[in-house]
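Peer 1:
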Amino acid sequence: MLANIFLKIIRFYQIIISPLKPPTCRFYPTCSQYGLESIQRFGAIRGGWLTCKRILKCHPFHPGGFDPVPEKKHSIK
């Protein structure tokens, strides 16, 4: 449920807010796309944490570049 709320907020940003400003993200995929993928893959808590860390890295002093969402590790039982 919390994940769905986060996903809707990100989609709102992508559809309504993002087109109104010039592209500024230094990464591929963009920070909002990274947020969608990380929350879908890991859920609201871990995906939200990964998204926050990514957004904090998106500034002029970081080189940016290719930074995909990490793969989900499966534990062997």
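Going by our numbering, the first residue of the sequence shown is number 671, and it counts up by one from there. Cβ coordinates follow ideal geometry from the N, Cα and C atoms, glycine included. Keep in mind that this is a model prediction, so the values were computed, not measured.
#1: Once DSSP output is grouped into helix, strand and coil, what is the label at Phe712?
#2: Can you tell me the Cβ-Cβ gap for Phe697 and Lys742, rounded? I've got them flagged as a contact below 8 Å.
#3: Using the rule of at least 16 other Cβ atoms within 10 Å of the residue's Cβ for burial, across every protein chain shown, is Tyr683 buried or exposed?
#4: By how many angstroms is the C-alpha of Phe731 removed from the C-alpha of Ile709?
#5: Pro740: which of Pro733, Leu672, Ile686, Tyr704 sits nearest, CA to CA?
#6: Take Asp737 and list the residues in its own chain whose beta-carbon comes closer than 6 Å to its own, dropping the five residues that flank it on each side.
#7: Report buried or exposed for Cys701, applying the criterion of at least 16 other Cβ atoms within 10 angstroms of its Cβ.
Peer 2: Let me lay it out:
#1: Position 42 of the sequence shown holds residue 712. Reduced to three states, the DSSP call for Phe712 is helix.
#2: Within the sequence shown, numbered from 1, the residue matching residue 697 stands at position 27. Within the sequence shown, numbered from 1, the residue matching residue 742 stands at position 72. Not a contact, Cβ separation roughly 20 Å.
#3: As a working note, residue 683 is residue 13 in the sequence shown. Burial call: exposed.
#4: By one-based count along the sequence shown, residue 709 stands at place 39. By one-based count along the sequence shown, residue 731 stands at place 61. About 26 Å.
#5: Walking along the sequence shown from the start, residue 740 turns up at place 70. For the residues Pro733, Leu672, Ile686, Tyr704, the minimum Cα distance to Pro740 belongs to Tyr704.
#6: Position 67 of the sequence shown, counted from the first residue, corresponds to residue 737. These residues qualify, in order along the chain: Phe697.
#7: For this step, residue 701 is matched to residue 31 along the sequence shown. When all chains shown are included, Cys701 counts as buried.
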